[in-house]
Amino acid sequence: MIGKASNEAADRRVTANVAAEPEKNPMTEIAVNATHFEEMQSAPRFPIHLSASVKSQGGAYNAETENISANGVLFAMDNDVPVGSMVDFTILLPAAVVGARQDVQIDCRGRVVRSFEDRGRRGVGVVIDEYHFERA
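Be aware that the sequence shown starts at 456, since it is given in my numbering, and climbs by one per residue.
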């Protein structure tokens, strides 16, 4: 009997621990993720359309910027790059646009935080983790 009583007590402890865990609500998780996404978009976005090359573990792709902010860039491209992917990308700023004698190349590293279908192309949102400028 003593062994059975201690097993019942252990069973109650486990049951109490499982019941004490909060239930996961997918809608709450979506709301939290949406709030996080909105925070990342807090920087002003500029509708700049420039050619870019994007490299990920899945390959190298041509893309066009839809908009750029201090935090990231939205690409329009024909290929999907999964959310969470690390990417390297290069954007060429025309000399006339930046007031320089030569084009300016920006080499960036970032991660995909958004991917969606839009008018037959993929929209791929990337947070910029690091960047550096080079004369082209």
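Glycine is no exception: its CB is placed at the ideal position from the N, C-alpha and C atoms.
Note on geometry: alpha-carbon atoms of Ala525 and Pro537 lie some 22 Å from one another.
According to DSSP, residue pairing for Leu505 in a beta bridge does not occur.
Leaving aside the five residues that flank Ala518 on each side, the residues in its chain whose CB is nearer than 6 Å to its CB run, in chain order, Ala507, Val509, Phe530 and Met532. Boundaries of the beta strand (DSSP E) harbouring Ala531: Gly527 to Met532, taken from the DSSP string. Non-local beta-carbon contacts of Glu589 in its own chain, meaning distances under 7 Å to residues more than five positions away in sequence, involve Gln560 and Asp562 in chain order. Pro549 and Asn522 have their C-alpha atoms spaced approximately 16 Å apart. In this structure, Val568 lies away from Val542, with their beta-carbon atoms at least 8 Å apart.
For the set Val581, Gln512, Gly575 and Asp558, the Cα lying nearest the Cα of Arg500 is the one of Val581. Annotation: Val559 is outside any alpha helix (DSSP H); the continuous beta strand (DSSP E) that includes it extends over Val559 to Asp573. Membership of Ala551 in any beta strand (DSSP E) is not indicated; the residue belongs instead to the alpha helix (DSSP H) covering Ala550 to Val553. In the three-state reduction of the DSSP assignment, Arg577 falls in the strand class.
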